[in-house]
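Just so we're aligned: the sequence shown equals residues 1051 to 1263 in my numbering.
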Amino acid sequence: MAPAGLAWQTLPEPGTLALVDPESRRAAAFTRPHPADLSISELVAVEQHVARWLDPATRQDAEEALTGSLAGDPMPTLRSLCWLMASWAVGLHLRTGHSPTQVLAQLTLSGLWRGPQAPETERIWELLTAQVRAGALAALTNDTATARAFEAAARTRVTGYPECLLHHGLLLMASLWSTLAAYGLDLRDVAGTLALYTQDSDEPRAGSFRPLT
């Protein structure tokens, strides 16, 4: 299913589709993550839960399911969340021309917690934002050092920290989702489309996103 306002096109490369904005004429290649890094089934499952989380009527059940998926190894869920965030940043770039890295760099939260009356809370939330942003940048750029830094932060032994990253990541996605909606974009089925129309590749590991125009 093509995201609202955008169109999918086939490419000869295995595991890859092109996403095109007919209005701006910008296009980007979207490739499945290498199966050794992140399975498409895990990515699709998280995407489906995120779609349910965006609906207030199913938000609580969706977040409980996502939290439950952190048990054992939290990284597949957290990396999936970051991959999806990167894909949304690329989609927004196609419409607006703002670079995906710029979109992610500007991700932030606003609310009553901000301000001089709550400096410690703001410091913690800014730290969480920076770490989620690093995970999304790692997915976007395929940069090994950034990915390792994000994993080191996510695997901390502090009890409940992965859950904090998950919840904070969802809040950031909600903010990004509002921006997408303002431009008439709906990107809830990116991973699902790749799962349906592409196959895993035996090619060497490569990034999931690259510009075509």
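Cβ coordinates follow ideal geometry from the N, Cα and C atoms, glycine included.
{"query": "Unbroken beta strand (DSSP E) run spanning Pro1261, endpoints", "result": "Phe1259 to Pro1261"}
{"query": "Delimiting residues of the alpha helix (DSSP H) encompassing Leu1144", "result": "Met1125 to Thr1146"}
{"query": "Alpha-carbon to alpha-carbon, Thr1127 and Glu1092", "result": "7 Å"}
{"query": "The beta strand (DSSP E) enclosing Ala1121, as first and last residue numbers", "result": "Taken as a continuous stretch (DSSP letters only), Ala1121 belongs to no beta strand (DSSP E), as it is neither H nor E."}
{"query": "Minimum C-alpha distance to Asp1239 - residue among Gly1141, Ser1225 and Ala1107", "result": "Gly1141"}
{"query": "Leu1067 (DSSP reduced to helix, strand or coil)", "result": "strand"}
{"query": "Cβ separation of Gly1257 and Thr1191, assumed to be a contact under 8 Å, to the nearest whole Å", "result": "7 Å"}
{"query": "Helix, strand or coil at Arg1173 according to DSSP, with G and I counted as helix", "result": "helix"}
{"query": "Start and end residues, beta strand (DSSP E) containing Gln1059", "result": "Ala1057 to Thr1060"}
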